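Below: the structure, in structure tokens.
Residue numbers (the working numbering): 16 to 408.
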């Protein structure tokens with residue numbers, strides 16, 4: 016499962032008696048915890064070839080979420096990266112939305128998703144569709160009483176695009192699934208969906224340049240293109256079970272994380288397994304990885320012009336758990352890998368795991384339970400204060 020589904024799993028544990036509404040459900044793709052819920056799907060479920068081509072039905076998603084009938088519910092909790100926050104609640108209900116991101120492709124990551132890859136027909140249709148989705152998105156966010164963002168990075172985007180404040184509760188990491196290994200392997204690791212904005216091409220080209228072993232776990236529409244880029248040291252592993260993934264994390268030299276993410280659970284999974292992270296120093300990773308302190312004069316890599324760049328912001332008294340690069344080029348990724356190889360001893364396994372434990376599932380559950388209870392209590396008090404008062408003379 017991906018990060019969003021793992022968050023949903025924890026919400027299902029918090030609210031095991033709740034009804035679960037989703038646009039589409041493909042049995043066998045989520046955990047037993049989610050499968051046990053009372054799941055209701057939308058009309059999207061019955062569209063032709065939807066399990067394979069669901070992205071093509073994106074224009075129908077707003078209508079699908081709005082058709083759900085929530086009369087009789089007093090608390091609506093949505094987990095949203097697309098349209099779930101647009102659920103139409105009855106006036107007597109409270110709506111709390113855990114938002115993984117505003118629609119990336121409709122707002123600030125349009126170029127990363129589409130860029131120059133649109134053909135002549137799609138280049139006419141897609142911009143109009145995105146304009147429609149932005150208008151709908153702004154209307155939909157007014158249906159939410161309280162936003163909770165998965166990172167400060169996302170909270171800032173919620174403020175920028177929607178004009179709304181959002182509390183921040185970082186997603187849960189199932190740290191029990193991961194343990195450091197006694198011995199390390201000789202390979203670098205990428206764990207990712209193979210889509211353009213993840214920039215897996217940079218990790219591949221950097222390892223081609225350095226002739227370093229790289230294992231790529233994941234699948235997606237970019238797989239064919241990436242395989243053509245890959246040299247003899249790059250291996251594509253496709254889908255892997257949780258147990259296999261934990262084994263790969265624990266024995267890699269380091270995780271390479273070249274994209275900009277809203278949060279990114281993968282770097283924390285690697286740290287829970289005692290492995291450091293080489294990451295693009297932007298986005299949610301700023302909240303999950305502690306980079307080498309730039310006060311150290313060796314903590315620098317050179318950009319194209321030969322000038323120096325600090326690896327990351329000061330870590331104060333916190334011990335580092337990774338290395339950042341600040342330019343999305345294969346050359347800068349390669350320089351960061353070289354620097355890591357010079358300084359690998361700076362990342363003791365237990366210290367990395369201890370950092371990941373601060374994002375554990377139990378902490379997430381406690382924070383969310385408190386947040387919802389506080390907002391629900393305030394909502395009930397406000398509802399009582401708005402009831403009409405009857406007085407007699």
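Glycine is no exception: its CB is placed at the ideal position from the N, C-alpha and C atoms.
Keep in mind that this is a model prediction, so the values were computed, not measured.
Bridge partner(s) assigned by DSSP for residue 110: 91
Residue from 85, 39 and 225 whose Cα sits closest to the Cα of residue 63: 39
Cα-Cα separation between residue 211 and residue 217, rounded to whole angstroms: 11 Å
Where the beta strand (DSSP E) containing residue 55 begins and where it ends: 53–56
Through-space distance from residue 275 to residue 168, alpha-carbon basis: 11 Å
Cβ pair residue 384, residue 29 closer than 8 Å: yes
Helix, strand or coil at residue 37 [DSSP, three-state]: strand
Residues that DSSP places opposite residue 232 in a beta bridge: 206 and 253
Start-to-end residues for the alpha helix (DSSP H) that takes in residue 272: Counting along the chain, residue 272 falls outside any alpha helix (DSSP H), though it belongs to the beta strand (DSSP E) covering 269–272.
Cβ pair count under 8 Å reaching 3, the stretch 244–252 against the stretch 154–161: no
Contact check, residue 345 vs residue 245, beta carbons under 8 Å: no
Residue 68 classed as buried or exposed, judged by whether at least 16 other C-beta atoms fall within 10 angstroms: exposed
Three-state secondary structure (DSSP) of residue 77: helix
Residue burial classification, residue 82 (beta-carbon count within 10 angstroms, cutoff 16): exposed
Distance, residue 99 Cα to residue 73 Cα: 13 Å
Proximity below 8 Å, CB of residue 374 to CB of residue 115: no
Opposing strand residues paired with residue 295 [DSSP bridges]: 340
Secondary structure of residue 183, DSSP reduced to three states: strand
Burial state of residue 258, where buried means 16 or more other Cβ atoms lie within 10 Å: exposed
Segment contact flag, the stretch 390–398 with the stretch 186–205, C-beta cutoff 8 Å, min 3 pairs: no
Secondary structure of residue 45, DSSP reduced to three states: coil
Three-state class that DSSP yields for residue 65 in the structure shown: helix
Element boundaries [alpha helix (DSSP H), containing residue 163]: No alpha helix (DSSP H) holds residue 163; the beta strand (DSSP E) holding it covers 161–164.
Residue 348 burial status per 10 Å Cβ neighbour count (16 or more: buried): buried
Close Cβ partners of residue 287 (< 7 Å) along its chain, the five nearest in sequence each way excluded: 188, 190, 193, 368 and 371
Beta-carbon proximity list for residue 42, same chain, < 8 Å, skipping 5 on both sides: 50
Run of the alpha helix (DSSP H) containing residue 147, from where it starts to where it stops: 137–155
Span separating the alpha-carbon of residue 333 from that of residue 366: 10 Å
Assigned exposure category for residue 34 - 16 Cβ within 10 Å defines buried: exposed
Delimiting residues of the alpha helix (DSSP H) encompassing residue 301: No alpha helix (DSSP H) holds residue 301; DSSP gives it neither H nor E.
Proximity of residue 163 and residue 205 at Cβ, strictly below 8 Å: no
Minimum C-alpha distance to residue 18 - residue among 159, 145 and 113: 113
Cα-Cα separation between residue 280 and residue 139, rounded to whole angstroms: 35 Å
Residues that residue 188 bridges to, as DSSP identifies them: 375
Separation of residue 381 from residue 48, as counted between CA atoms: 19 Å
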